[in-house]
Structure formats: structure tokens, C-alpha cells
Amino acid sequence: MSNPNRIKSAFANQKAFIGFLTAGDPDISNTAEFILAMEEGGADLIEVGIPFSDPVAEGPVIEAANIRALEKKVSVDDVFGVIRTVRQKSDIPLVILSYLNPVYFYGYDKFFAECKAVGVDGIIIPDLPYEECREVTDVADKYGIELISLVTPTSQNRIEMIAKESKGFIYVVSSLGVTGIRDEIDNNIKPTIDAIKRVTDTPAAVGFGINRADQAAELVQYADGVIIGSAIVALIEEHGANASDYIRNYVKSIKVAL
69 MSNPNRIKSA FANQKAFIGF LTAGDPDISN TAEFILAMEE GGADLIEVGI PFSDPVAEGP
129 VIEAANIRAL EKKVSVDDVF GVIRTVRQKS DIPLVILSYL NPVYFYGYDK FFAECKAVGV
189 DGIIIPDLPY EECREVTDVA DKYGIELISL VTPTSQNRIE MIAKESKGFI YVVSSLGVTG
249 IRDEIDNNIK PTIDAIKRVT DTPAAVGFGI NRADQAAELV QYADGVIIGS AIVALIEEHG
309 ANASDYIRNY VKSIKVAL
């Protein structure tokens, strides 16, 4: 069962480490193990990506992971199966990241009912415009699944409007472009965080490009958490089915800096 308090608990009295992976990469049989390895390393919340053929917000690392998973014919039901497996062993907050297309074709009501049944706590839909989110939120709310809002560097005149209606946490995109590992993170995030904090108590976590402990430590001086995806997916690409130890140690190295 989903539990809105799980997401809240990820940010309780601490800076949150949020990890991401693409379900089904390199194989669906590895995904639950990798999620649990992240938790063992100290992750506070985990985003599980549903593979999609046109992940427009993703850079080459995560795009390649999507392709590898789709080559294995990984389905939405497979992803729900992974979450069901994790829930037998863990109460860690779990958020699905999916583009709108798979959710739409699965059927909104059926999708969110299944989210609740298996223990998903929230969902991020990168290509769902704020102005069109009502058709999704009405159904997600019915099943207690929190739709996580994204705020981008181009959202300046809409930040407070988006933040006021936010649930779970706010995903603050660090820079323009797609996901990926970056040497430099835009240090102009603070005004965005300040604008969010003026209107809501919803935690704000920064993602896109973060891959080193020093970057994470700098961001959590004003953000409530950091989101790391490409660096973890790159470990999976490199080590395949044997990636668990590398994931666990990497997450640990970031978490201690927060």
C-alpha cells in the first residue's frame, strides 16, 4: 500500500539522498536487488524509471538504459512486480518516474490503483505540463499517490504557483538541457529554492548533473536533498548484474557528505 508519510519521512530531520535507476537494466531480475543496495548505502528515497522509447529529458546515459531495458521487453507490469518484491523487504519511499505515454496507455485509473496496491508513494512525469496536470492529479489523489512537481530554470514566473500546489517533494532541475553527469552545477539554484520556501513547506530536492560528494554538499546548504541518477545508471552500465556493491558504496560516499 502507498503511504504519503513515507515521502515525508525521507526528509525528516535530515538532508535526503534520492537515487534513480531505470527498471529492467540490465535485466528486470536485477532491479529489486539494486534498489535494496541503494537503501543499504543510505538512500532515503528511490525513483524507479519505467523504460520508454523517447525519454526526452534524459541524456545519453539514461537513454541507453531505457534502450537496454526495452530490448528485454520490460513492461509497466514488470516494474510493478519489482516494487512488489521490494515491498516484501523494505519500507523505503518509492517514486515512479514515467513519461505520460505509458501511464496514459495503461489507463490512469488502472495505473494508480496498481501503484497503491504494490506500494508506490509518488510519481514524476517529466513531460506533463503543469497546466495540464489536473487530469492526472485527480486520479492520483483518489489513490493517494503524490504527483511530484518539477521546477526548471525556465519556470521563474511560475515557481510560486507550482510550489503552492506541490505534494511530496519538489524536483528542482539544476540546469537547462537533459540529465547527465556534469562537472559544474549551476550555482544559481538558491533564488529558485528561496522562491519555493516563501510559499510552501514541501521539501525541495535538486537533480540533473550531480555526481560528486562536493557538489551534493554544496547544494544541501539550501536544498532539502539531492537527486542522483546518471552516475548510478553509469555504474549499472559498467558492472551489469554485479553492480550492487558499487551502487551501495557510491551512495554511501555521497550520503556521508550531506
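All residue numbers for the sequence shown refer to the numbering used here, where the first residue is 69 and numbers rise by one.
Where a beta carbon is used, it is the ideal one built from N, C-alpha and C, also for glycine.
Predicted model only: the values in this text are computed from it and were never measured.
With C-beta atoms as the reference, is residue i less than 9 Å away from residue j?
| i | j | result |
| --- | --- | --- |
| K235 | L215 | yes |
| F48 | K323 | Nothing can be reported for residue 48: it is not among the residues displayed for the chain, which extend from 69 to 326. |
| T270 | I227 | no |
| A325 | A285 | yes |
| I75 | D159 | no |
| I164 | I118 | yes |
Comparing alpha-carbon positions, which option in the options lies nearest residue i?
| i | options | result |
| --- | --- | --- |
| E233 | C201, K323, D93, T260 | C201 |
| P161 | E115, N169, S121 | E115 |
| N169 | V188, K184, V144 | V144 |
| G175 | G293, V124, V204 | V204 |
| F237 | L287, G187, I191 | I191 |
| P197 | K184, T220, C183, A185 | T220 |
| G293 | A132, Q224, R316, V240 | V240 |
Counting along the chain, where does the alpha helix (DSSP H) carrying residue i start and finish?
| i | result |
| --- | --- |
| A263 | 258-267 |
| T153 | 144-155 |
| Y318 | 312-323 |
| Q130 | What sits at residue 130 in the sequence shown is Ile, not Gln. Looking at the DSSP string, the run of the alpha helix (DSSP H) that includes I130 is 128-139. |
The beta strand (DSSP E) spanning residue i covers which residue range?
| i | result |
| --- | --- |
| I64 | Since the displayed the chain opens at 69 and closes at 326, residue 64 lies outside it and no answer follows. |
| F85 | 84-90 |
| R239 | Going by the sequence as given, residue 239 is Tyr instead of Arg. Start and end: 238-241. |
| G117 | 113-117 |
Within the same chain, show all residues whose beta-carbon is closer than 7 Å to that of residue i, passing over the 5 residues directly before and after it, in chain order.
| i | result |
| --- | --- |
| G110 | F85, V319, K320, K323 |
| S312 | E101, F102, A105 |
Excluding the five sequence neighbours on either side, which residues of its own chain have a C-beta within less than 6 Å of the C-beta of residue i, listed in chain order?
| i | result |
| --- | --- |
| A302 | V129 |
(Q) Whether or not the segment 143-150 and the segment 96-106 are in contact is what I'm after, with contact meaning three or more pairs of Cβ atoms, one per stretch, closer than 8 Å; do they touch? (A) yes
(Q) Contact between the segment 273-287 and the segment 102-110 is defined here as three or more beta-carbon pairs at a separation below 8 Å; is this criterion met? (A) no
Q: Would you check if the segment 172-188 and the segment 119-130 touch, i.e. whether three or more CB-CB distances between them fall below 8 Å?
A: no
Q.
Is it the case that the segment 295-313 contacts the segment 78-90, given that we only count it when at least three CB pairs across the two stretches are under 8 Å?
A. yes
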